[in-house]
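> Let me begin by handing over the structure; questions about it come next.
Number of protein chains: 2
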Amino acid sequence: MSRTESPAAARAKFRAGLVTPTAGWCDGYTQANLIAVPKDIAWDFLLFAQRNPQPCPVLDVLEAGSVSGPLLDGDIRTDIPRYRVYVDGEVAEEPTDVRGWWRDDLVGFLIGCSFTFERALGAAGVPVRHVEQGVNVPMYRTSVRCRPTGAISGPMVVSMRPVPKDLVETAVRVTAAYPAVHGAPVHVGDPRDLGIRDLDSPDYGDPVRIEPGDVPVFWGCGVTPQAAVVESKPALAIAHAPGHMLITDAEDEDYRIRDV
Amino acid sequence: MSRTESPAAARAKFRAGLVTPTAGWCDGYTQANLIAVPKDIAWDFLLFAQRNPQPCPVLDVLEAGSVSGPLLDGDIRTDIPRYRVYVDGEVAEEPTDVRGWWRDDLVGFLIGCSFTFERALGAAGVPVRHVEQGVNVPMYRTSVRCRPTGAISGPMVVSMRPVPKDLVETAVRVTAAYPAVHGAPVHVGDPRDLGIRDLDSPDYGDPVRIEPGDVPVFWGCGVTPQAAVVESKPALAIAHAPGHMLITDAEDEDYRIRDV
Chain A
1 MSRTESPAAA RAKFRAGLVT PTAGWCDGYT QANLIAVPKD IAWDFLLFAQ RNPQPCPVLD
61 VLEAGSVSGP LLDGDIRTDI PRYRVYVDGE VAEEPTDVRG WWRDDLVGFL IGCSFTFERA
121 LGAAGVPVRH VEQGVNVPMY RTSVRCRPTG AISGPMVVSM RPVPKDLVET AVRVTAAYPA
181 VHGAPVHVGD PRDLGIRDLD SPDYGDPVRI EPGDVPVFWG CGVTPQAAVV ESKPALAIAH
241 APGHMLITDA EDEDYRIRDV
Chain E
1001 MSRTESPAAA RAKFRAGLVT PTAGWCDGYT QANLIAVPKD IAWDFLLFAQ RNPQPCPVLD
1061 VLEAGSVSGP LLDGDIRTDI PRYRVYVDGE VAEEPTDVRG WWRDDLVGFL IGCSFTFERA
1121 LGAAGVPVRH VEQGVNVPMY RTSVRCRPTG AISGPMVVSM RPVPKDLVET AVRVTAAYPA
1181 VHGAPVHVGD PRDLGIRDLD SPDYGDPVRI EPGDVPVFWG CGVTPQAAVV ESKPALAIAH
1241 APGHMLITDA EDEDYRIRDV
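Those protein sequence lines, which keep their order, are chains A and E.
Counting from 1, one number per residue, gives the positions in the first sequence under the working numbering.
Counting from 1001, one number per residue, gives the positions in the second sequence under the working numbering.
Here you go:
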């Protein structure tokens, strides 16, 4: 990882073929989840996101066919380290470039990512275990159902960070100030309350070691649209590979509620 | 006004024909702006709202043709004190019941309203002048352009509250905690910075008396979609009359960012 890289330099590396999870990259710059779907179901996707703002906070929606937007001077088809392409709800390919899959009727959604508040957590003295351990953040499908739309339904996906017990309150306070990138945790403590059986077997990302005295803390996760794709089976959907995010030119601070 | 009324009781009064601005009604319950447009331009409207979250924070989107939703046990066609019906961007009627205008392809958007944070302002010691004076809040079209979509464009509309100079910081802090209902002010001070020439001639609502030592403070306003209707001229749009809101069953506190 490279904390001091500029977003443009990081995107250039990924465009050139570097494959890596992006947690800890480009200190101070906002990372985003990508989900692109055909225009004919874009309404349902936008509505699904609007109805489930904690896992699916929308940072931007690109025009149909557009591969860039105000949040980045780049190309969403090449500038992410790795992609997941879904056909009829199943993973068809995990390429590092999706220009061959692109269609002019695809609408790209950029969804907030909790990596955005990790620097603020660190600055407040809350250790970020998966970054310390050099692994991808663990993510889990839960038994919590998102509020559906006519055509789109699915479970909430969460990311998990182990937090020292006496810093949980700090972690809640710090992340609540970032509602556009998932905000406060959706759950603290027993993973079984979310229907998660085994923290060591995440559905996406890597397991993370829980240090003595740590409590698992769960945040809404921008992989939730991908779980909805699996369940709702649109003809085509193009997403980032979980943890391999789009690094934007927007700054983390742009998404912090100030003066509160 | 009736501070202690339940939302259901207030809606019943409006359904029965009572016409009044709703500022100060139903303490603790969230009020909402209504804009309903045909399904074929609903995508553009939702995108317009998503791109302009400060004036157009979306609280809920109803299914096409639906006249109710999870935020209210009622009927959006009858439960608002007064409506504005726009045909091709012009006000066609200002009825107290829009059942005669309703179509099964209309999609209703409920947009956050700044009345929601007025109780919190009062609790923090910030006087709410238009409620004190028993008038509707003044609202103004500004020279600030919203970020457009393909089919929808328009200016930002703001509401204005005069705030004693030494309480402006408090007003900013209190309202910033309510991003879903316009959040922090978009401007403090000189109205000319927003292209507003005369505070005594609001475009919507009533003029409010500015007390000695007060500074004008401006918040994004949910009448913004109506200004976009005037400019973008959809075939039909049904909205509340400015200041005459839909009182929902949701609580103001549901929209406050906690633990920040």
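Even for Gly, the Cβ is constructed at its ideal location relative to N, Cα and C.
I'd like the list of long-range same chain contacts for residue 1105 of chain E, defined as Cβ closer than 8 Å, with 5 residues on each side in sequence excluded.
On the second sequence, residue 1105 of chain E is found 105 positions in, with the first residue counted as 1. Correct list, in chain order: 1038, 1039, 1040, 1064, 1065.
> Quick one: measure Cβ to Cβ for residue 118 of chain A and residue 23 of chain A, integer angstroms, because I've assumed they're closer than 8 Å.
Position 118 of the first sequence holds residue 118 of chain A. Position 23 of the first sequence holds residue 23 of chain A. Contact holds; Cβ gap of about 7 Å.
> CA-CA distance, residue 1127 of chain E and residue 1163 of chain E?
Taking the second sequence and counting its residues from 1, the one referred to as residue 1127 of chain E is at position 127. Taking the second sequence and counting its residues from 1, the one referred to as residue 1163 of chain E is at position 163. If I take the Cα positions, the gap works out to 7 Å.
> From the DSSP output, read off the bridge partner residues of residue 1031 of chain E.
Counted from its first residue, the second sequence places residue 1031 of chain E at position 31. The partner list for residue 1031 of chain E (beta bridge, DSSP) reads E:1247.
> Check whether chain A comes within 8 Å of residue 1215 of chain E, counting only Cβ atoms and requiring the distance to be less than that.
Counting from 1 along the second sequence, the entry for residue 1215 of chain E is found at position 215. No, no contact with chain A.
> Measuring alpha carbon to alpha carbon, tell me which residue in E:1060, E:1135, E:1061, E:1054 is nearest residue 1114 of chain E.
As a working mapping, residue 1114 of chain E is identified with position 114 in the second sequence. When each option's Cα is compared against that of residue 1114 of chain E, the closest is E:1054.
> Taking contact to mean 3 or more Cβ pairs, one atom from each stretch, closer than 8 Å, check whether the segment 1011-1029 of chain E and the segment 1242-1253 of chain E are in contact.
The segment 1011-1029 of chain E is in contact with the segment 1242-1253 of chain E.
> Leaving out the 5 sequence neighbours to the left and right, which residues in its chain are closer than 8 Å to residue 1249 of chain E when beta-carbon positions are compared?
As a first step, residue 1249 of chain E must be located in the second sequence, where it is residue number 249. 1007, 1008, 1029, 1071, 1072, 1073.
> When the cut-off is 8 Å and only beta carbons count, does residue 258 of chain A lie next to chain E?
Here residue 258 of chain A is taken as the residue at index 258 of the first sequence, counted from 1. True, the Cβ-Cβ gap to chain E drops below 8 Å.
> In the DSSP output, which residue or residues are listed as bridge partners for residue 69 of chain A?
Translated into the one-based positions of the first sequence, residue 69 of chain A becomes position 69. Bridge partners of residue 69 of chain A: A:72.
> Quick one, which residues of the segment 231-255 of chain A are near chain E if we go by CB-CB under 8 Å, in chain order?
If the cut-off is 8 Å between Cβ atoms, the segment 231-255 of chain A has nothing near chain E.
> For a cutoff of 8 Å on Cβ pairs, would you count residue 101 of chain A as touching chain E?
Translated into the one-based positions of the first sequence, residue 101 of chain A becomes position 101. No, because no Cβ of chain E sits closer than 8 Å to the Cβ of residue 101 of chain A.
> In this structure, how does DSSP classify residue 1041 of chain E when only helix, strand and coil are distinguished?
Walking along the second sequence from the start, residue 1041 of chain E turns up at place 41. Helix, per DSSP.
> Along the chain, which unbroken stretches of the alpha helix (DSSP H) at least 4 residues long are found entirely within the segment 116-166 of chain A?
For the segment 116-166 of chain A, whole alpha helix (DSSP H) runs of length 4 or above, ordered along the chain, are 118-123, 129-132.
> Who are the neighbours of residue 47 of chain A on chain E, taking C-beta pairs under 8 Å?
The sequence position of residue 47 of chain A within the first sequence is 47, counting from 1. Chain E residues near residue 47 of chain A: 1046, 1061.
> Who are the neighbours of residue 1050 of chain E on chain A, taking C-beta pairs under 9 Å?
Indexing the second sequence from 1 puts residue 1050 of chain E at position 50. Under the 9 Å cutoff, chain A gives 46, 49, 50, 58, 60, 61.
> Leaving out five residues before and five after residue 1058 of chain E in sequence, what residues of the same chain have Cβ atoms less than 8 Å from its Cβ?
Position 58 of the second sequence, counted from the first residue, corresponds to residue 1058 of chain E. Answer for residue 1058 of chain E: 1046, 1049, 1050, 1109, 1110, 1111, 1112, listed in chain order.
> With 8 Å set as the bound, which would you pick, yes or no: does the beta-carbon of residue 1225 of chain E sit closer than that to a beta-carbon of chain A?
Here residue 1225 of chain E is taken as the residue at index 225 of the second sequence, counted from 1. So, not an interface residue.
> Alpha carbon to alpha carbon, what distance is there between residue 202 of chain A and residue 92 of chain A?
Indexing the first sequence from 1 puts residue 92 of chain A at position 92. Indexing the first sequence from 1 puts residue 202 of chain A at position 202. The straight-line gap from Cα to Cα measures roughly 21 Å.
> Just tell me which of A:154, A:135, A:96 has its CA closest to the CA of residue 25 of chain A.
Along the first sequence, read from residue 1 onward, the residue named residue 25 of chain A stands at position 25. Nearest option by C-alpha distance: A:135.
> Shortest alpha-carbon distance to residue 1210 of chain E belongs to which of E:1199, E:1228, E:1075?
Counting from 1 along the second sequence, the entry for residue 1210 of chain E is found at position 210. Taking only the C-alpha atoms, the option nearest residue 1210 of chain E is E:1199.
> Could you pull out every unbroken beta strand (DSSP E) segment of at least 3 residues lying fully inside the segment 202-235 of chain A, listed in chain order?
The qualifying runs are 214-220.
> Which bits of chain E does residue 43 of chain A rub up against, with CB to CB less than 8 Å?
Reading the first sequence from its first residue, position 43 is the one you call residue 43 of chain A. What residue 43 of chain A touches in chain E: 1042, 1043, 1046.
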